[in-house]
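Encoded as structure tokens, the structure appears first; notes follow it.
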Amino acid sequence: MFLTQNQIQSLPVTVQDSFTPLKPDSLKKIRFVYPKTLEDLMEDVASLHELVPETAPLPSLLIVDGVERYLCVQDRPQQDCQSTAAHIVALLHDTAAFLEDRSEKSQQPACRVIVSYQPEWEGRGSDAFALDSILSVLERYLQVRCSLHKVLNSGEAQNEWLLYLSGPGLQVDGYGNGEKCLGLQWRVVMQLNGTLDFKPENAQKEETSQVQESECGN
Numbered sequence: 024m025f026l027t028q029n030q031i032q033s034l035p036v037t038v039q040d041s042f043t044p045l046k047p048d049s050l051k052k053i054r055f056v057y058p059k060t061l062e063d064l065m066e067d068v069a070s071l072h073e074l075v076p077e078t079a080p081l082p083s084l085l086i087v088d089g090v091e092r093y094l095c096v097q098d099r100p101q102q103d104c105q106s107t108a109a110h111i112v113a114l115l116h117d118t119a120a121f122l123e124d125r126s127e128k129s130q131q132p133a134c135r136v137i138v139s140y141q142p143e144w145e146g147r148g149s150d151a152f153a154l155d156s157i158l159s160v161l162e163r164y165l166q167v168r169c170s171l172h173k174v175l176n177s178g179e180a181q182n183e184w185l186l187y188l189s190g191p192g193l194q195v196d197g198y199g200n201g202e203k204c205l206g207l208q209w210r211v212v213m214q215l216n217g218t219l220d221f222k223p224e225n226a227q228k229e230e231t232s233q234v235q236e237s238e239c240g241n
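Mind the numbering: the sequence shown is residues 24 to 241 in our numbering, read in order.
Next comes the structure, spelled out in structure tokens:
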């Protein structure tokens, strides 16, 4: 299920090219919901378990796109934005847990949660790693963070980004013997024809005093 404020008219060109053999009927498996206000979003998430019939396939992924558009409205105090962010994520977790319980009984995939958020400082030339109170709240509840930063002065590659995965829920094969994974990073370049190239970079490691299992996070 994909929840966003603005209605999606078409897929991005890169997605269309990547999924050329994808049949249009496959997109019917994705349910698009367009809550306009914070109240609409909360109601849609809270009533999701009532909207899914007992015999229908259960959602395996809940995506909230652009949560800042619901939180960072004019004249809303920062403290209220933080508490509302915590409420939204907690509600998403409760709904996902309910769907996961039902999916186990029907042997369907477990339900996961993804929330996208664009900080206020992004795109204004500010520090890419500046502290953001709402982002801190989201990180407290969500186990993995995916950050995407545009590379400035990248020469010929004008459309170049750094994609970084981090968080206690990050799991990576091949880590052990006292090593702890701090994060994974890719360099993403969009070619002139719209295709995306992903180039992995070295993962950051941290030495620990105890032997860890070959995974990152919990």
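Glycine included, C-beta positions come from ideal geometry on N, C-alpha and C.
Problem set entry | Segment contact flag, the stretch 62-72 with the stretch 96-105, C-beta cutoff 8 Å, min 3 pairs | no
For this session: Would you check if the stretch 87-99 and the stretch 133-141 touch, i.e. whether three or more CB-CB distances between them fall below 8 Å?
Result: Touching, per the Cβ criterion.
Exercise. For methionine 24, which of Arg54, Ile31, Leu50 has the nearest alpha-carbon?
Worked result: Position 1 of the sequence shown, counted from the first residue, corresponds to residue 24. Considering only alpha carbons, the answer is Arg54.
Problem set entry | Other residues of its chain near arginine 125: CB distance less than 7 Å, five sequence neighbours each side excluded | One-based indexing of the sequence shown puts residue 125 at position 102. So the list reads Leu81, once near-sequence residues are dropped.
For this session: Whole angstroms is fine: what's the gap from serine 159's alpha carbon to glutamate 127's?
Result: As a first step, residue 159 is located in the sequence shown; it is residue number 136 there, counting from the start. As a first step, residue 127 is located in the sequence shown; it is residue number 104 there, counting from the start. Looking at the two C-alpha atoms, the distance is approximately 32 Å.
Problem set entry | For isoleucine 31, the three-state DSSP class (helix, strand or coil) | The residue labelled residue 31 in the question sits at position 8 within the sequence shown. For isoleucine 31, the secondary structure class from DSSP, reduced to helix, strand or coil, is coil.
For this session: Let me know if leucine 189 comes out buried or exposed under the rule of 16 or more other beta-carbons within 10 Å of its beta-carbon.
Result: The count along the sequence shown starts at 1 and reaches residue 189 at position 166. Looking at the sequence shown, residue 189 is not leucine but serine. Serine 189 should be labelled buried.
Exercise. Could you give the distance in angstroms between the alpha-carbon of leucine 171 and the alpha-carbon of glutamine 105?
Worked result: On the sequence shown, residue 171 is found 148 positions in, with the first residue counted as 1. On the sequence shown, residue 105 is found 82 positions in, with the first residue counted as 1. Their Cα atoms are separated by approximately 22 Å.
For this session: Determine the burial state of isoleucine 157: buried for a count of at least 16 other Cβ atoms within 10 Å of its Cβ, exposed for fewer.
Result: In the sequence shown, residue 157 corresponds to position 134, counting from 1. With 16 or more other Cβ atoms within 10 Å, it is buried.
Problem set entry | Alpha-carbon spacing of serine 83 relative to valine 56, whole angstroms | The residue you call residue 83 lines up with position 60 of the sequence shown. The residue you call residue 56 lines up with position 33 of the sequence shown. The C-alpha of serine 83 lies about 15 Å from the C-alpha of valine 56.
Problem set entry | Coil, strand or helix - leucine 71 by DSSP | Counting from one through the sequence shown, the residue named residue 71 turns up at place 48. Helix, per DSSP.
Exercise. Helix or strand or just coil, what does DSSP make of tyrosine 93?
Worked result: Position 70 of the sequence shown holds residue 93. In the displayed model, tyrosine 93 falls within a helix according to three-state DSSP.
Exercise. Per DSSP, what kind of secondary structure is serine 170 in: helix, strand or coil?
Worked result: Here residue 170 refers to the residue found at position 147 of the sequence shown. In this structure, serine 170 counts as strand in the three-state DSSP scheme.
Exercise. Mapping DSSP to helix, strand and coil, what is lysine 51?
Worked result: In the sequence shown, the residue the question calls residue 51 occupies position 28. Three-state DSSP puts lysine 51 in a helix.
Exercise. Taking the C-alpha atoms as reference points, what is the distance between arginine 135 and threonine 118?
Worked result: As a first step, residue 135 must be located in the sequence shown, where it is residue number 112. As a first step, residue 118 must be located in the sequence shown, where it is residue number 95. Each residue's alpha carbon lies about 10 Å from the other.
For this session: Rank Pro223, Phe121, Asn216 by C-alpha distance to the C-alpha of glutamate 73 and give the top, closest one.
Result: Residue 73 sits at position 50 when you count from the first residue of the sequence shown. Of the listed residues, the one whose Cα sits closest to glutamate 73 is Phe121.
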